[in-house]
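Colleague: Chains as they are written, first to last, in my numbering: chain C, 315 to 359; chain Z, 13 to 258. Quick one: the structure is below, and I'll ask about it shortly.
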């Protein structure tokens, strides 16, 4: 939602009904996981 | 100065307060590692945004729009859908608990025999089929073994244990489920005495089941009448077992 659709943190946390801290933690974990996957596939994030 | 991934992500997403943003930009001067981390986060954001931009902005398919605009009426048959029915016991037929007076001697044996009759009559598949027809629970080896050794909730065999607790008179008690019979047994001497039992109705025999959910209301009522405090947790159960439930 944040990275693809461009929603703000506030908009995304409201839509998902989760605290802002939870959203930012999940975003950080998601970024790390995606970067790892892309690197494993030979892409350069 | 170091920044965690969450902060750098917020920087890339333009979600930082101006003062925090300024701190990162100040730290960026001469910090190639920090610059590389931010660059990776930016490239990831650009990659994802670019990859899905066309999908997000493309119009929805006609089929999808129609599906939303014209939902099927609630009464429409769902012939193609596979519905899993979670069966529950009928509320109109409450099971009747069989209370065993204590001490159970004389007429008590008759009541106990009646309470166990359902379990003994289970048939070939019954775990206690080796026991005599009017045998007390202490001679039903698999049930007794489960009461002695099996942890609550675990299901390694034909007998499952629901919960364990200490009764108001200080004895340990455990609920069990063996084939189509559920019961409550309390420690007496070196064995277990049945305090209540009731048939588990066939409707409860679903794929998704637990010993607790299958315990009939009649047995749960007996638990409520006897329990002193809360059920034992795993640690307390291990401790009670180590003391041979005394």
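Every residue gets a Cβ at the ideal spot worked out from N, C-alpha and C, and that includes glycine.
Do residue 197/Z and residue 238/Z have their C-beta atoms within less than 9 angstroms of each other?
Modeller: no
Colleague: First and last residue of the beta strand (DSSP E) that includes residue 326/C?
Modeller: Annotation for residue 326/C: no beta strand (DSSP E) segment contains it, though the alpha helix (DSSP H) segment containing it runs 323 to 330.
Colleague: Per DSSP, residue 172/Z forms a beta bridge with which residues?
Modeller: 189/Z
Colleague: Going along chain C, which residues have a C-beta under 7 angstroms from residue 22/Z?
Modeller: Neighbours of residue 22/Z on chain C, chain order: 338.
Colleague: Can you check which of these residues, 33/Z, 24/Z, 253/Z and 191/Z, is closest to residue 58/Z by C-alpha distance?
Modeller: 24/Z
Colleague: Measure the C-alpha to C-alpha separation of residue 15/Z and residue 161/Z and round it to an integer number of angstroms.
Modeller: 53 angstroms
Colleague: Let's test the definition: count the other Cβ atoms within 10 Å of the Cβ of residue 45/Z and tell me whether it reaches 16, buried, or not, exposed.
Modeller: exposed
Colleague: Of the choices 54/Z, 74/Z, 182/Z and 62/Z, whose alpha-carbon is the least far from that of residue 201/Z?
Modeller: 182/Z
Colleague: Return the residues of the stretch 44 to 72 of chain Z that lie within a Cβ-Cβ distance of less than 7 angstroms from chain C, sorted by chain order.
Modeller: 52, 53, 55, 56, 57, 59, 60, 61, 64 and 68
Colleague: In chain Z, which residues lie less than 8 angstroms from residue 320/C when you measure between Cβ atoms?
Modeller: Listed along the chain, the chain Z residues whose CB falls inside 8 angstroms of the CB of residue 320/C are 61.
Colleague: Give the C-beta separation of residue 195/Z and residue 156/Z to the nearest angstrom, bearing in mind that I take them to be a contact with Cβ-Cβ under 8 angstroms.
Modeller: Not confirmed; about 12 angstroms, so no contact.
Colleague: Return the bridge partner residues of residue 184/Z from the DSSP annotation.
Modeller: 178/Z
Colleague: Would you say residue 349/C lies against chain Z (beta-carbon separation less than 9 angstroms)?
Modeller: yes
Colleague: Given a threshold of 16 other Cβ atoms within 10 Å of its Cβ, counted over all protein chains shown, does residue 143/Z qualify as buried or as exposed?
Modeller: Confidence at residue 143/Z is low in this model, with a pLDDT of 38, below 50, so its placement is unreliable and the value that follows should be read with caution. Classification of residue 143/Z: buried, given that the 10 Å Cβ count is 16 or more.
Colleague: Pop quiz: residue 349/C and residue 52/Z are said to be a contact at Cβ under 8 angstroms. What is the actual Cβ separation, rounded to whole angstroms?
Modeller: Contact annotation, residue 349/C with residue 52/Z: C-beta distance approximately 6 angstroms; criterion of less than 8 angstroms satisfied.
Colleague: Going by DSSP, name the residue or residues bridged to residue 203/Z.
Modeller: 200/Z
Colleague: Kindly give me the distance between the Cβ atoms of residue 240/Z and residue 179/Z, rounded to whole angstroms, as I take these residues to be in contact under 8 angstroms.
Modeller: 6 angstroms
Colleague: Is any beta-carbon of chain C found at less than 9 angstroms from that of residue 17/Z?
Modeller: So, interface residue.
Colleague: Could you name the residues that DSSP lists as bridge partners for residue 62/Z?
Modeller: Its beta-bridge partners do not exist; DSSP assigns none.
Colleague: With a 10 Å radius around its C-beta and 16 neighbouring C-beta atoms as the bar for buried, classify residue 174/Z as buried or exposed.
Modeller: buried
Colleague: With C-beta atoms as the reference, is residue 28/Z less than 9 angstroms away from residue 317/C?
Modeller: no
Colleague: With a cut-off of 9 angstroms, does the C-beta of residue 341/C fall near any C-beta of chain Z?
Modeller: Yes, its Cβ sits closer than 9 angstroms to a Cβ of chain Z.
Colleague: Which two residues bound the contiguous alpha helix (DSSP H) that contains residue 76/Z?
Modeller: 74 to 81
Colleague: What in chain Z is Cβ-close to residue 317/C, meaning under 7 angstroms?
Modeller: In chain order: 57, 60 and 61.
Colleague: Looking at chain C, is there any beta carbon in it that lies within less than 9 angstroms of the beta carbon of residue 27/Z?
Modeller: yes
Colleague: Measuring CA to CA, which of 17/Z, 13/Z and 234/Z is closest to residue 261/Z?
Modeller: The question about residue 261/Z has no answer here: the residues shown for chain Z are numbered 13 through 258.
Colleague: Have a look at residue 335/C and residue 49/Z and give me their C-alpha separation to the nearest angstrom.
Modeller: Residue 335/C and residue 49/Z have their C-alpha atoms spaced approximately 21 angstroms apart.
Colleague: Can you tell me the Cα-Cα spacing of residue 187/Z and residue 72/Z, whole angstroms?
Modeller: 56 angstroms
Colleague: Suppose the cutoff is 6 angstroms on Cβ atoms and the five residues either side in sequence are ignored; what does the same chain contact list for residue 321/C look like?
Modeller: 315
Colleague: Check the DSSP bridge columns for residue 195/Z and list the partner residues they point to.
Modeller: 188/Z and 209/Z
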